[in-house]
Structures are given as structure tokens and as C-alpha cells.
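S.K.: Please find one structure pasted underneath; my questions will follow.
Residue numbers (the UniProt record's numbering): 1 to 158.
Structural data, given as C-alpha cells:
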């Protein structure tokens, strides 16, 4: 199954280490600002703010802490979900077979926006290794601002 979606997470920033998105930089925990591991205590900075994350499985923006598979944003890069695999294509064409080869031979631990410029695709495989999404970064605002992506989902049953 392949489906393509375009999503824009307006007024949302990157998630903390516990998955909570913070709407205003003034409420950002020091740990998140420095891209360090964040504990649940740091999420207290976000109390009262509307928070979101991009659910890779659902293909949509959802309330914070409701998704188990989402890309974190740390500055000008995505960080793949914990226990998930990621791969960035060398060119601009990336299909399911290319993802499988790349994930097996050239996995990455971070996805800098400069490497994803001009719509260069990357793929992320779910922690259970049953689903893979192919993502293209369309636009990213500076400093934790909104991000626009195109998502194609490839699901393998087994």
C-alpha cells in the first residue's frame, strides 16, 4: 500500500525527549534547546501550551504524546525515533526496494536538513520493522519553526 500525504505542522516545534512538542521557545527546557536527553520533568515547561507531533504511522499531525512513531526535530535536523532505522537516498529517487537496501547497508542516526535539501528523500522504518515511510522535506522554518513534508507509506505484512 502506498499513499501520499502533504502535512504542515503550523506553530509546532520539535518534541522533547519524552515526545512533547513545545509551542513557544520561551517555554523550552534547557535540555531540549541544547539537543540533550530530556526527562519528563523538563516537560513541565510546556504546561498549558498546545503541543503536537507528526505521527508517521497515521500520516498526520496529532496531539503530543499520542504517537509512538514520529521524527523528532533537533535544531536543523530530524532525529529518527528510538529503535527505528533511517536512510538518506544518494539521489532523488527512492522506492521501497531502495529503502530496504539502504537501511541494511547505510543507516543514519540523524537527518540534517541540509542533506535533505531540494526534496531529497529519506526513509524511516518502524521499530517493529513492519512499516517504512519515505519522506521528502519540502520546507523547514528556521529555529524549530513549522516543517512541511510529503510522506509516502509502504507497508509490508509478515
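Backbone N, C-alpha and C define an ideal beta-carbon position, used for all residues, glycine too. Since the structure is predicted, the reported quantities are computational estimates derived from the model, not experimental observations.
Taking its Cβ as the centre, do 16 or more other Cβ atoms sit within 10 Å of residue 142, making it buried, or is it exposed?
M.R.: exposed
S.K.: Quick one: give me the first and last residue of the alpha helix (DSSP H) that residue 99 is part of.
M.R.: 96-105
S.K.: Looking only at DSSP bridge pairs, what is residue 53 linked to?
M.R.: 62
S.K.: Consult DSSP for residue 138 and reduce its assignment to one of helix, strand or coil.
M.R.: strand
S.K.: With a threshold of 16 other CB atoms inside 10 Å of the CB of residue 152, please say whether the residue is buried or exposed.
M.R.: buried
S.K.: Near residue 140, which residues of its chain fall below 6 Å by C-beta distance, leaving aside the five closest residues on each side in sequence?
M.R.: Cβ within range, chain order: 113 and 147.
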